[in-house]
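> Here it is: the structure, laid out below.
Numbering (the UniProt record's numbering), first residue to last: 1 to 557.
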């Protein structure tokens, strides 16, 4: 490894030599003396453990007053192995662990003498208020296996000398303000199993040396400003379980080498500028649980081999340029909870096999070119909370089986060519909060009621011939189309309000009325307001857009 570094990066190798020499000199100045361990505090101070304790006390003095109060147990002369946040190897009383996660500390790392902590295995300062840069002297911690500086306010760049920490298994620098590029030297951390750098200001490309980290199980570089393509070398990380590169500026195609990652459970590449077809190798990753490639420029079709991914719970490809039909094999994904394919160019019908997805909470196919009728099998999705099929070319009637979806809170069928009466079963959906049926050819059923008394958003108007259902709604255009109906909408709102007041007054006079009868809001009253509602209440559609924002975890995140 050293010879490789000296050949490829002679300057960095030279700096490593200087740093190593610096650390050795410090260790000679403070030699280890086994006779120094005694019950006498004075004797202890000349030993290695005394050197470590003195380094921590000096660092404490550089922190703000509140931090010093929180670390009040850090006093020279006391047993440092009993100090808050400090762990020791008791046989030699040397410090091996510093765990100050979420202690409310504020200060910098510049005054922490890392060379005085040669036995340190773990340094966890996550979720504090540390600022400033990561000192290059951190390269002296040659035995370190865990380094977590995440959720602070650190800036500057990742020092290349971190490549010297060859025993490091966990490196977590996420949620800071770290900039610059990911150093090539990170590829020398061959013991690394977890690399979290998400939510920083990192730029440049993902170094190809990442392929050396064959023990990695997690890599999360999301939420940065990384550019260039995803390196083929990612496919060498055969232990990888979690790969997250979302919210960057990555371009090019998804490398086919990702198909080598047979243990991969999470693949998040959403919100980049990736293009081309999704490689067929992705559809062979049978361990995948969460797949989100949304908000890219991906093309091509969803193949029948999607049926291989039987462990999928999240399948999100929204806001791409995918075409073709939704394959029947999607019905084989019986573990699926979240299915979002909206804002693509998908055509054909919804396969009847969709009814097999009995665990589904969210089904969003809006903003495509889907046609045919809404299958009765949708009514088998009894776990469904959010159903959005708007802005397509659906015809026929709304299936009465939708009444089986007792957990449904959101139903968007607007901007289609649906006809016939709104089935009375819709009015029995007690959990329904947001109902949008406008811009169709629907008629109200005089027997349809909304029965739960909750606050509803109803858009139930008629089909408009000049609708645009081939992409996101143009709110200005919709407002212009429906301007002439605003007065009618106001009348409808007044009528609905009067009906509600009447029911409230009636219930007050006769409490039994409230108990015996559900409050009935005639959909016919609201229909008058519905066609204008799409323009007047466009904030509900914005609410829908917010709903469509991905979960990072992500993410993670």
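Positions of the beta carbon are idealized from the N, C-alpha and C atoms, including for glycine.
Keep in mind the model is a prediction, meaning the values are calculated, not measured.
How would you call residue 95, buried or exposed, if buried means at least 16 neighbouring beta carbons within 10 angstroms?
The sequence position of residue 95 within the chain shown is 95, counting from 1. Counting Cβ neighbours within 10 Å, residue 95 comes out buried, since at least 16 surround it.
> Under three-state DSSP, which class holds residue 64?
The count along the chain shown starts at 1 and reaches residue 64 at position 64. Three-state DSSP puts residue 64 in coil, outside helix and strand.
> Can you name the start and end residues of the beta strand (DSSP E) that residue 194 belongs to?
Looking up residue 194 in the chain shown gives position 194. Segment 194-196, the beta strand (DSSP E) holding residue 194.
> Please go through the same chain and pick out, in chain order, the residues whose beta-carbon is closer than 6 angstroms to the beta-carbon of residue 114, but skip the five residues on each side of it.
The residue labelled residue 114 in the question sits at position 114 within the chain shown. Cβ within range, chain order: 137, 138, 140 and 141.
> Taking the continuous beta strand (DSSP E) assigned at residue 362, which residues delimit it?
Residue numbering aside, residue 362 sits at position 362 when the chain shown is read from its first letter. Counting along the chain, the beta strand (DSSP E) containing residue 362 begins and ends at 362-364.
> Assign residue 84 to one of two classes, buried (16 or more other C-beta atoms within 10 Å of its C-beta) or exposed (fewer than that).
For this step, residue 84 is matched to residue 84 along the chain shown. Per the 10 Å Cβ criterion, exposed.
> Give the C-beta separation of residue 199 and residue 223 to the nearest angstrom, bearing in mind that I take them to be a contact with Cβ-Cβ under 8 angstroms.
Translated into the one-based positions of the chain shown, residue 199 becomes position 199. Translated into the one-based positions of the chain shown, residue 223 becomes position 223. Between residue 223 and residue 199 the Cβ distance is about 4 angstroms, and since that is below 8 angstroms, they are a contact.
> In terms of alpha-carbon separation, which member of 429, 421 and 420 lies closest to residue 411?
To locate residue 411, count along the chain shown from 1; it is residue 411. The shortest C-alpha separation from residue 411 is found at 429.
> Drop a sphere of 10 angstroms on the beta-carbon of residue 246, count the other beta-carbons inside from all chains shown, and report buried for 16 or more, exposed for fewer.
Counted from its first residue, the chain shown places residue 246 at position 246. Flag for residue 246 reads buried.
> Is it true that the CB of residue 208 sits closer than 8 angstroms to the CB of residue 183?
Here residue 183 refers to the residue found at position 183 when the chain shown is read from its first residue. Here residue 208 refers to the residue found at position 208 when the chain shown is read from its first residue. Their beta carbons are not under 8 angstroms apart, which means residue 183 does not touch residue 208 by this criterion.
> So is residue 64 buried or exposed if we call it buried at 16+ other beta carbons inside 10 Å?
As a working note, residue 64 is residue 64 in the chain shown. Exposed, since its Cβ has fewer than 16 Cβ neighbours within 10 Å.
> Mind checking which residues open and close the beta strand (DSSP E) that includes residue 132?
In the chain shown, residue 132 corresponds to position 132, counting from 1. Looking at the DSSP string, the run of the beta strand (DSSP E) that includes residue 132 is 129-132.
> Determine the direct distance from the alpha carbon of residue 440 to that of residue 362, and round the result to whole angstroms.
The count along the chain shown starts at 1 and reaches residue 362 at position 362. The count along the chain shown starts at 1 and reaches residue 440 at position 440. Their backbone Cα atoms lie some 23 angstroms apart in a straight line.
> If distances are taken between C-alpha atoms only, which option among 340, 254 and 414 comes closest to residue 298?
Here the question's residue 298 lines up with position 298 in the chain shown. Checking every option, the nearest Cα to that of residue 298 belongs to 254.
> Candidates 69, 80, 60 and 72: which alpha carbon is nearest residue 50's?
Numbered from 1 along the chain shown, position 50 holds the residue referred to as residue 50. For residue 50, the nearest C-alpha among the options comes from 80.
> What is the C-beta distance between residue 172 and residue 191, in whole angstroms, given that I count them as a contact (C-beta under 8 angstroms)?
Mapped onto the chain shown, residue 172 falls at position 172. Mapped onto the chain shown, residue 191 falls at position 191. With 8 angstroms as the limit, residue 172 and residue 191 do not qualify as a contact, their Cβ atoms being about 15 angstroms apart.
> Would a C-beta distance cut-off of 8 angstroms place residue 280 and residue 258 closer than the cut-off?
Along the chain shown, read from residue 1 onward, the residue named residue 280 stands at position 280. Along the chain shown, read from residue 1 onward, the residue named residue 258 stands at position 258. Not a contact, by the Cβ cut-off of 8 angstroms.
> For the beta strand (DSSP E) that contains residue 97, what are its first and last residues?
On the chain shown, residue 97 is found 97 positions in, with the first residue counted as 1. Its beta strand (DSSP E) spans residues 94-99.
> Look at the Cβ atom of residue 405, then the Cβ atom of residue 372, and state whether they are nearer than 8 angstroms.
Locating residue 405 in the chain shown gives position 405, where the first residue counts as 1. Locating residue 372 in the chain shown gives position 372, where the first residue counts as 1. The answer is no: Cβ separation not under 8 angstroms.
> I'd like to know whether the C-beta atoms of residue 213 and residue 187 end up nearer to each other than 8 angstroms.
Against the chain shown, residue 213 aligns to sequence position 213. Against the chain shown, residue 187 aligns to sequence position 187. The answer is yes: Cβ separation under 8 angstroms.
> Taking the straight line between their C-alpha atoms, what separation do you get for residue 205 and residue 225?
One-based indexing of the chain shown puts residue 205 at position 205. One-based indexing of the chain shown puts residue 225 at position 225. About 9 angstroms.
> Less than 8 angstroms between the beta carbons of residue 331 and residue 310, yes or no?
Taking the chain shown and counting its residues from 1, the one referred to as residue 331 is at position 331. Taking the chain shown and counting its residues from 1, the one referred to as residue 310 is at position 310. The answer is no: Cβ separation not under 8 angstroms.
> Measure how close the beta-carbons of residue 369 and residue 393 come, nearest whole angstrom, since I'm counting them as under 8 angstroms.
Taking the chain shown and counting its residues from 1, one reaches residue 369 at position 369. Taking the chain shown and counting its residues from 1, one reaches residue 393 at position 393. Right, their Cβ atoms sit about 6 angstroms apart.
> What is the DSSP secondary structure of residue 325, counted as helix, strand or coil?
Sequence index remark: in the chain shown, residue 325 carries index 325 (1-based). Residue state, collapsed to three classes: strand.
> Between which two residues does the beta strand (DSSP E) holding residue 442 run?
Translated into positions along the chain shown, residue 442 becomes position 442. Unbroken beta strand (DSSP E) run through residue 442: 441-443.
> Exposed or buried, what is residue 276 when buried is set at 16 or more other beta-carbons lying within 10 Å of its beta-carbon?
Counted from its first residue, the chain shown places residue 276 at position 276. Counting Cβ neighbours within 10 Å, residue 276 comes out exposed, since fewer than 16 surround it.
> In terms of residue numbering, what span does the beta strand (DSSP E) encompassing residue 340 cover?
What you label residue 340 is simply residue 340 of the chain shown in a count that begins at 1. Residues 338-340.
> Between which two residues does the beta strand (DSSP E) harbouring residue 205 extend?
Working through the chain shown from its first residue, we reach residue 205 at position 205. Where residue 205 is concerned, there is no enclosing beta strand (DSSP E), given that its DSSP letter is neither H nor E.
> What residues in its chain sit with their C-beta under 6 angstroms from that of residue 400, if we drop five residues either side in the sequence?
As a first step, residue 400 must be located in the chain shown, where it is residue number 400. These residues qualify, in order along the chain: 423 and 425.
> Just the C-alpha distance for residue 434 and residue 112, rounded to the nearest angstrom, thanks.
Position 434 of the chain shown, counting from 1, holds the residue named residue 434. Position 112 of the chain shown, counting from 1, holds the residue named residue 112. About 56 angstroms.
> Among 263, 339, 325 and 244, which one has its Cα closest to the Cα of residue 197?
Taking the chain shown and counting its residues from 1, one reaches residue 197 at position 197. When each option's Cα is compared against that of residue 197, the closest is 244.
> Ignoring anything shorter than 3 residues, give me the beta strand (DSSP E) runs that lie fully in the stretch 127-171, in order along the chain.
Listed in chain order, they are 129-132 and 146-148.
> Nearest to residue 417 by alpha carbon, out of 431, 403 and 389?
Numbered from 1 along the chain shown, position 417 holds the residue referred to as residue 417. For residue 417, the nearest C-alpha among the options comes from 389.
> If we ignore side chains and look at the alpha-carbon of each, how far apart do residue 102 and residue 125 end up?
In the chain shown, the residue the question calls residue 102 occupies position 102. In the chain shown, the residue the question calls residue 125 occupies position 125. Residue 102 and residue 125: Cα-Cα distance of roughly 7 angstroms.
> With H, G and I counted as helix, E and B as strand and the rest as coil, what does DSSP make of residue 401?
In the chain shown, residue 401 corresponds to position 401, counting from 1. Here residue 401 sits in helix by DSSP.
> Skipping 5 residues on each side, what residues in its chain have a beta carbon closer than 8 angstroms to that of residue 238?
The residue labelled residue 238 in the question sits at position 238 within the chain shown. Cβ neighbours of residue 238 beyond the five flanking positions: 214, 260, 261, 262 and 263.
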